[in-house]
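Notes follow once the structure below has been shown.
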Amino acid sequence: MYSTLLAMGFALASALTIAWGTVVRHRIAEEAPAEGSPFLQAIRRPAWWLGSFTALSGYGLQIIALGFGTLLVVQPILVLSLMFTLPLSARYDGRRMAIDEITWAGLLTVSVAVLVLLGNPSAGDPQPPLGRWLPALAIGFLVLFVLERFAQKQIRNEKALLLGIVTGGIYGYVAVLSKATVDVLTHGGFFALATTWQGYSLAAGAILGTVVQQYAFNAGALKNSLPAMTVTEPIVAFALGYAVLGEQFQVSGANWLWMLLALIAMILSTFALSRRGVGSA
Numbered sequence: 000m001y002s003t004l005l006a007m008g009f010a011l012a013s014a015l016t017i018a019w020g021t022v023v024r025h026r027i028a029e030e031a032p033a034e035g036s037p038f039l040q041a042i043r044r045p046a047w048w049l050g051s052f053t054a055l056s057g058y059g060l061q062i063i064a065l066g067f068g069t070l071l072v073v074q075p076i077l078v079l080s081l082m083f084t085l086p087l088s089a090r091y092d093g094r095r096m097a098i099d100e101i102t103w104a105g106l107l108t109v110s111v112a113v114l115v116l117l118g119n120p121s122a123g124d125p126q127p128p129l130g131r132w133l134p135a136l137a138i139g140f141l142v143l144f145v146l147e148r149f150a151q152k153q154i155r156n157e158k159a160l161l162l163g164i165v166t167g168g169i170y171g172y173v174a175v176l177s178k179a180t181v182d183v184l185t186h187g188g189f190f191a192l193a194t195t196w197q198g199y200s201l202a203a204g205a206i207l208g209t210v211v212q213q214y215a216f217n218a219g220a221l222k223n224s225l226p227a228m229t230v231t232e233p234i235v236a237f238a239l240g241y242a243v244l245g246e247q248f249q250v251s252g253a254n255w256l257w258m259l260l261a262l263i264a265m266i267l268s269t270f271a272l273s274r275r276g277v278g279s280a
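So in numbering that gives the first Met the number 0, spot 198 of the sequence shown is number 197, and the numbers just go up one at a time.
Listed below in structure tokens is the structure:
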């Protein structure tokens with residue numbers, strides 16, 4: 000129980016840190032000119048590096064959280080970064096939070112609490128056999144690659160939406176690889192980390208996700224890309240946590256109905272808050 004509380008605390012700190020970094024990077028995306036490479040334009044801005052460093056710090060807190068708790072505990076709490084994004088965005092915009100923002104934020108908080116507390120996730124195997132990893136990695140790579148290629152042929156808003164889905168999918172895999180990498184480091188030390196594939200795959204996924212995310216931010220209105228990535232990431236992470244790591248919610252009977260309702264509420268409130276949070280950008 001103590002480990003779970005630590006995981007929840009670090010996950011909340013991660014969500015808050017990620018929220019601030021997201022707001023900074025959104026501002027840069029809004030101010031970027033239409034011509035030229037969005038990513039190259041962004042990295043020329045000192046503020047982008049500050050926002051990226053903040054996001055990286057948040058990711059470090061996420062890794063610590065995964066060291067204490069399961070993916071099914073940490074991932075829902077990270078969704079609360081949207082709730083933290085709202086007051087930060089409102090402060091930057093010089094406005095007050097609207098009633099609907101507060102309502103959706105409350106629903107998101109309740110749904111996450113139900114998933115974590117009622118679900119009471121049990122730990123799986125953070126080092127499953129390679130035969131369980133390969134199908135998941137191959138399917139994910141194929142689907143996300145095809146979707147990214149298809150997105151490049153679409154007009155502005157559709158492109159932003161599809162790239163947001165790709166970004167969320169990549170970060171869903173990054174979350175699962177993070178859990179596996181933390182376990183390798185905890186039990187084998189830095190030598191084991193340097194001689195296994197999980198850490199390198201994690202680094203590649205994190206870099207790729209950062210690049211695709213910046214392209215998604217610049218492809219069109221943020222209200223099209225942000226909801227897609229914030230909804231897709233936990234869904235992919237949940238599915239992989241079940242299928243690859245073997246983590247499970249300890250729920251039976253009618254409580255599964257409450258879990259389903261909480262999951263639906265989390266997805267709907269996440270979608271609503273991410274669209275509301277970026278306004279008409």
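In this text, a Cβ means the ideal position worked out from N, Cα and C, and glycines have one as well.
The structure displayed is predicted, hence computed values, not measured ones.
Considering Q61, what are the terminal residues of the alpha helix (DSSP H) in which it resides?
Where Q61 is concerned, the enclosing alpha helix (DSSP H) stretches over P45 to F67.
Does the segment 98–105 come into contact with the segment 39–53, if we say contact requires no fewer than three beta-carbon pairs (one atom in each stretch) closer than 8 Å?
The segment 98–105 vs the segment 39–53: no contact.
What's the C-alpha gap between N119 and Q212?
Rounded to the nearest angstrom, the two C-alpha atoms are 32 Å apart.
Shortest alpha-carbon distance to L65 belongs to which of F83, L146 and K178?
Among F83, L146 and K178, the Cα nearest to that of L65 is on K178.
Quick one: grab the DSSP three-state call for Q151.
Shown here, Q151 sits in coil according to DSSP, grouped into three states, outside any helix or strand.
What are the residues that DSSP puts in a beta bridge with S121?
For S121, which the question treats as bridged, DSSP gives the partners Q247.
Are the segment 200–214 and the segment 165–174 touching by the rule of at least three beta carbon pairs closer than 8 Å?
Using a Cβ-Cβ distance cut-off of 8 Å, the segment 200–214 and the segment 165–174 are in contact, since at least three pairs of beta carbons, one from each stretch, lie closer than that value.
Burial state of Q249, where buried means 16 or more other Cβ atoms lie within 10 Å:
By the 10 Å Cβ count, Q249 comes out exposed.
So, using beta-carbon positions, are L192 and G198 closer together than 9 Å?
Yes, the Cβ-Cβ distance between L192 and G198 is below 9 Å.
Where do the N-terminal and C-terminal ends of the alpha helix (DSSP H) with A104 fall, by residue?
Here the alpha helix (DSSP H) through A104 covers I98 to A112.
Check whether the segment 252–265 touches the segment 102–111, counting contact only when three or more Cβ pairs, one atom from each stretch, lie closer than 8 Å.
In short, these stretches touch, since the Cβ pair count reaches three.
Contact check, G50 vs T21, beta carbons under 9 Å
Yes, Cβ-Cβ distance for G50 and T21 is below 9 Å.
S80, buried or exposed, once every other Cβ within 10 Å from all chains shown has been counted against 16
With a 10 Å radius around the Cβ and a threshold of 16 neighbouring Cβ atoms, S80 comes out buried.
Looking at V183 and T195, is the spacing between their C-beta atoms short of 9 Å?
Against a cut-off of 9 Å, the Cβ pair of V183 and T195 comes out as a contact.
Does T194 come out as helix, strand or coil in the three-state DSSP assignment?
Under the three-state reduction of DSSP, T194 is assigned to coil, being neither helix nor strand.
I154 at chain C interface by Cβ criterion, 9 Å:
No chain C is part of this structure, which consists of one protein chain only.
Span separating the alpha-carbon of R94 from that of L133:
Each residue's Cα considered, the two are about 48 Å apart.
T185: buried (16+ other C-beta within 10 angstroms of its C-beta) or exposed?
Exposed is the call here.
Can you tell me whether K152 is buried or exposed? The criterion is at least 16 other CB atoms within 10 Å of its CB, across all chains shown.
With fewer than 16 Cβ atoms within 10 Å of its Cβ, K152 is classed as exposed.
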